Amino acid sequence: MSKLWFGLLGIGVLAGLFAALTVVSRGLGVYNANDITFWVLPMAGYLFFALTAAGLTLLSSLPSVFGMKQYYPIAKRASILAGATLVVGVMCKGLDLGPLSTLLNTVNLALSPNFMSPIWWMAVLYGIYITFVIIKFYFIHKNQWHSMGGKVSGLLALLLMFMSYTALSIVFGTADARPAFFGHFTAIYFAVTALTSGMAVLVLASHFHFALTGGMPKEQAPIFDNVSKMFAGLLGAALFIFILRAVIGFTSLQEAFDGFRHIAGTGMYNVEMWVGLIIPFIMVVIPKVRNSRAGIILASSFVLVGMFFGRLVMLLSAQVKPVGNLAETRPEFVSYFPSMYEIGIIVLALSLSLLIYSIGVKYLRLEATPE
Amino acid sequence: MANYAMVIDLQLCTGCGGCIIGCKNENNLPEGVRWSNKLTETLGRFPHVRYHYRPTLCNHCENAPCVRGCPTRALYKTKDGITAHDPDKCIGCRYCMVNCPYGAVNYTWNKPHQEWEDNTEVIPGCTYSPRGLVNAVDAKGWPIFNPDPDVNYKAIRPTGVIEKCHFCLHRVEAGKLPYCVEVCPSSARIFGDLDDPGSKVNELLGMFRAERLRPELGTRPKVFYIREFCPCAYEPGKGMI
Numbered sequence: 003m004s005k006l007w008f009g010l011l012g013i014g015v016l017a018g019l020f021a022a023l024t025v026v027s028r029g030l031g032v033y034n035a036n037d038i039t040f041w042v043l044p045m046a047g048y049l050f051f052a053l054t055a056a057g058l059t060l061l062s063s064l065p066s067v068f069g070m071k072q073y074y075p076i077a078k079r080a081s082i083l084a085g086a087t088l089v090v091g092v093m094c095k096g097l098d099l100g101p102l103s104t105l106l107n108t109v110n111l112a113l114s115p116n117f118m119s120p121i122w123w124m125a126v127l128y129g130i131y132i133t134f135v136i137i138k139f140y141f142i143h144k145n146q147w148h149s150m151g152g153k154v155s156g157l158l159a160l161l162l163m164f165m166s167y168t169a170l171s172i173v174f175g176t177a178d179a180r181p182a183f184f185g186h187f188t189a190i191y192f193a194v195t196a197l198t199s200g201m202a203v204l205v206l207a208s209h210f211h212f213a214l215t216g217g218m219p220k221e222q223a224p225i226f227d228n229v230s231k232m233f234a235g236l237l238g239a240a241l242f243i244f245i246l247r248a249v250i251g252f253t254s255l256q257e258a259f260d261g262f263r264h265i266a267g268t269g270m271y272n273v274e275m276w277v278g279l280i281i282p283f284i285m286v287v288i289p290k291v292r293n294s295r296a297g298i299i300l301a302s303s304f305v306l307v308g309m310f311f312g313r314l315v316m317l318l319s320a321q322v323k324p325v326g327n328l329a330e331t332r333p334e335f336v337s338y339f340p341s342m343y344e345i346g347i348i349v350l351a352l353s354l355s356l357l358i359y360s361i362g363v364k365y366l367r368l369e370a371t372p373e
Numbered sequence: 019m020a021n022y023a024m025v026i027d028l029q030l031c032t033g034c035g036g037c038i039i040g041c042k043n044e045n046n047l048p049e050g051v052r053w054s055n056k057l058t059e060t061l062g063r064f065p066h067v068r069y070h071y072r073p074t075l076c077n078h079c080e081n082a083p084c085v086r087g088c089p090t091r092a093l094y095k096t097k098d099g100i101t102a103h104d105p106d107k108c109i110g111c112r113y114c115m116v117n118c119p120y121g122a123v124n125y126t127w128n129k130p131h132q133e134w135e136d137n138t139e140v141i142p143g144c145t146y147s148p149r150g151l152v153n154a155v156d157a158k159g160w161p162i163f164n165p166d167p168d169v170n171y172k173a174i175r176p177t178g179v180i181e182k183c184h185f186c187l188h189r190v191e192a193g194k195l196p197y198c199v200e201v202c203p204s205s206a207r208i209f210g211d212l213d214d215p216g217s218k219v220n221e222l223l224g225m226f227r228a229e230r231l232r233p234e235l236g237t238r239p240k241v242f243y244i245r246e247f248c249p250c251a252y253e254p255g256k257g258m259i
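As given, the protein sequences belong to chains A and B, one line each in that order.
Numbered per the numbering used here, the first sequence spans residues 3 to 373.
Numbered per the numbering used here, the second sequence spans residues 19 to 259.
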């Protein structure tokens with residue numbers, strides 16, 4: 003890997019750190035958030051990275067937990083990518099709480115827990131999940147795939163992924179005051195899109211790696227042929243869920259869905275639909291495009307861009323229409339554009355995850371399989 | 019133990035906004051934040067137009083979704099049924115803002131009253147600067163600082179936590195009325211104990227059909243609205259085709 007690449011990532015991390023330190027010292031006032039749109043870009047970053055990590059955790063478990071041994075060559079790469087995306091995802095959520103004084107209050111998650119709160123379960127489960135993802139990677143890296151520690155940590159990482167993903171779905175699913183989060187439908191939407199974005203990251207990272215290292219090893223060609231087909235299938239499922247969500251959103255008589263209908267007329271919704279789903283789906287169902295390195299790299303990149311916008315679409319749909327007395331003296335729909343600090347947090351998350359992965363590529367032999 | 023609630027008599031309410039101003043002063047609310055608020059609606063076509071005004075505040079729901087969702091019990095129910103907040107436990111996740119269907123929760127995005135830290139004198143050498151005025155009256159944060167809420171809340175909430183109406187818990191525990199009730203010039207707000215059969219709120223709820231906001235959500239609000247100011251009359255008829 004070139005020094006230029008690491009230099010660029012370093013600049014990204016430094017710029018992002020500036021934004022993060024500003025947030026920690028001054029609070030969330032530096033975001034373009036307010037009492038109407040209060041969960042904005044950093045929260046979208048959290049959803050994007052955390053759900054991508056869920057997809058990657060499942061993919062990395064295919065050989066060791068589900069016995070699909072042909073997928074060993076992708077497992078270690080998926081595992082480190084799961085860890086990297088999970089770490090930055092949780093970091094995004096942390097930087098969406100408040101200044102240092104507020105962050106110190108998080109000790110109350112342990113001192114004053116509310117077991118009825120989905121957010122409490124989400125915070126605790128993600129904390130444990132992240133630990134087991136790291137332990138799992140440690141055992142894989144030590145080539146102890148089939149040791150007791152390797153098996154237990156792999157299984158627990160998978161179980162905790164399901165549990166934390168469920169808690170995250172319940173956070174949105176039980177928000178009765180905001181139906182435009184799509185209630186319990188969120189669980190299925192999160193499941194399919196998490197797998198799709200996880201698969202997109204894996205496909206992108208693997209093919210990019212092969213492009214830089216002079217090509218895919220011949221024995222791995224059938225594996226990646228299968229992976230590409232699975233990717234196409236998942237994209238099809240994601241498109242189906244997207245259409246289903248649109249039908250619900252457009253046909254509901256509830257006023258709360260006005261926010262969704264408003265957002266559906268904006269550019270970001272079109273990015274989610276066209277760039278994230280329709281165009282890449284068309285690309286991957288064409289065998290010639292799917293089997294070309296440039297085609298699959300482009301398609302997976304499009305999916306990730308679209309999925310990121312999709313997370314913001316989901317958040318804003320339930321917020322742009324002011325609720326209750328907050329609607330007084332405000333327009334029917336409020337507008338939102340991220341501040342440079344919000345963009346800085348996403349730059350930090352992206353740079354940091356790429357840095358972790360790049361260090362993995364350089365020093366940790368991510369193509370390793372059990373001996 | 020009491021079960022406090024509020025009845026707002028819309029026939030007596032003049033829509034003056036005194037409750038909003040009183041609440042801001044009593045609780046040192048920062049710019050842009052209102053715990054006591056209003057919902058307005060204009061209906062009809064000119065010249066037959068009517069303006070509806072409904073004062074609002076936290077509904078102190080019996081089944082409060084903000085309390086259920088708060089991960090650290092920073093939002094809690096007092097023994098008297100008031101939905102209160104402990105800023106020292108608040109992690110700023112804003113899930114209460116997601117869950118509150120009434121828009122009654124605010125987050126302190128910036129340092130409260132930071133506009134009063136400005137050292138610029140409007141007329142140099144003649145008027146105070148905002149900070150100079152705060153210092154001159156020996157106040158904290160802003161010139162009309164009220165230290166009373168410090169008893170069981172923070173008089174000024176720190177940056178990065180939520181804040182909300184607490185029925186002036188500091189006053190209620192001292193045997194006084196919430197300040198919005200106290201300052202209402204037309205006595206349109208009636209505060210009392212739902213568990214006391216002889217309380218004024220029960221007397222009114224037994225007398226008039228009461229309305230609550232968004233009852234379909236099952237939050238069981240404890241702010242009740244009765245009557246509506248209407249001096250109008252119309253000639254009876256069956257309409258037209």
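Note that beta-carbon positions come from the ideal geometry of N, C-alpha and C, so glycine has one too.
These numbers were taken from a predicted model, which means no experiment stands behind them.
| query | result |
| --- | --- |
| Output yes if chain B places a C-beta closer than 8 Å to the C-beta of A/Thr104; else output no. | yes |
| Within 10 angstroms of the Cβ of B/His103, are there 16 or more other Cβ atoms? Answer buried if so, exposed if not. | buried |
| Just checking: is the beta-carbon of B/Ile109 within a distance shorter than 8 Å of some beta-carbon in chain A? | yes |
| Taking the alpha-carbon positions, what's the A/Met270 to B/Asp214 distance? | 55 Å |
| Mind checking whether B/Leu28 and B/Ser54 have CB atoms under 8 Å apart? | no |
| Just to make sure I have the definition right: I need the residues of chain B whose C-beta is within less than 9 Å of the C-beta of A/Asn107. Which are they? | Thr90, Ala92, Pro105, Asp106, Lys107, Cys108, Ile109, Gly110, Gly178, Val179 |
| To which residues of the same chain is B/Val169 closer than 6 Å at the C-beta, ignoring the five residues directly before and after it? | His188 |
| Using the Cβ count rule (16 or more neighbours within 10 Å means buried), how would you classify A/Glu274? | buried |
| A/Pro324 CB to nearest chain B CB: under 8 Å? | yes |
| Please list, in chain order, all residues of the same chain as A/Tyr73 whose beta carbon is under 6 Å from its beta carbon, the five residues on each side excluded. | Leu64, Pro65 |
| Tell me whether A/Thr195 is buried or exposed, calling it buried when 16 or more other Cβ atoms sit within 10 Å of its Cβ. | buried |
| Cβ atoms of A/Val32 and A/Ser353: under 8 Å apart, would you say? | no |
| Quick one: which residues of the segment 180 to 196 of chain A get their C-beta closer than 7 Å to a C-beta of chain B? List them in chain order. | Arg180 |
| Smallest Cα separation from B/His70: which of B/Asn153, B/His78, B/Thr60? | B/Thr60 |
| Any chance the segment 208 to 226 of chain B sits against the segment 41 to 58 of chain B, with 3 or more Cβ pairs inside 8 Å? | no |
| Would you check if there are 3 or more beta carbon pairs closer than 8 Å linking the segment 212 to 220 of chain A to the segment 333 to 348 of chain A? | no |
| Check the Cβ-Cβ distances between A/Gly297 and every residue of chain B, and say whether any is below 8 Å. | no |
| Per DSSP, what kind of secondary structure is B/His131 in: helix, strand or coil? | coil |
| Using a Cβ cut-off of 7 Å, which residues of the segment 63 to 84 of chain B contact any Cβ in chain A, in chain order? | Thr74, Pro83 |
| Kindly identify the DSSP beta-bridge partner or partners of B/Lys95. | B/Thr101 |
| Leaving aside the five residues before and after A/His186 along the sequence, list all residues of the same chain whose C-beta is less than 6 Å from its C-beta, in chain order. | Gly175 |
| Shortest alpha-carbon distance to A/Ala351 belongs to which of A/Leu10, A/Gly12, A/Gly18, A/Lys5? | A/Gly18 |
| B/Glu229 by DSSP, collapsed to three states: which one? | strand |
| Please specify which runs of the alpha helix (DSSP H), each continuous and at least 4 residues long, are wholly inside the segment 108 to 136 of chain A, giving them in chain order. | 110 to 113 |
| Run through chain A and tell me which residues come within less than 8 Å of B/Lys56, C-beta to C-beta. | Asn327, Glu330 |
| Going straight from the alpha carbon of A/Phe184 to that of A/Leu6, what length do you get? | 44 Å |
| Can you have a look at A/Trp276 and say buried or exposed, based on whether 16 or more other CB atoms are within 10 angstroms of its CB? | exposed |
| Tell me, please, whether the CB atom of A/Gly27 is closer than 8 Å to any CB atom in chain B? | First, the amino acid is wrong: residue 27 of chain A is Ser here, not Gly. By this cut-off, A/Ser27 is not an interface position. |
| Express the C-alpha separation of A/Gly152 and B/Pro176 in angstroms, rounding to a whole number. | 46 Å |
| Is B/Gly236 buried or exposed, if buried means 16 or more other CB atoms sit within 10 Å of its CB? | exposed |
| I need the straight-line Cα distance from A/Met285 to A/Leu366, nearest angstrom please. | 32 Å |
| Taking CB distances under 8 Å as the criterion, tell me whether B/Val241 reaches chain A. | no |
| Tell me which residues share the same chain as A/Ala207 and place their Cβ nearer than 8 Å to its Cβ, disregarding the 5 neighbours each side in the sequence. | Arg79, Leu83, Tyr359 |
| Any idea what DSSP makes of B/Leu57, helix, strand or coil? | strand |
| Output needed for A/Gln256: all residues of its chain with C-beta closer than 6 Å, excluding positions within five of it in sequence on either side, in chain order. | Pro181 |
| Going by beta-carbon coordinates alone, are A/Tyr167 and A/Asp98 separated by less than 8 Å? | no |
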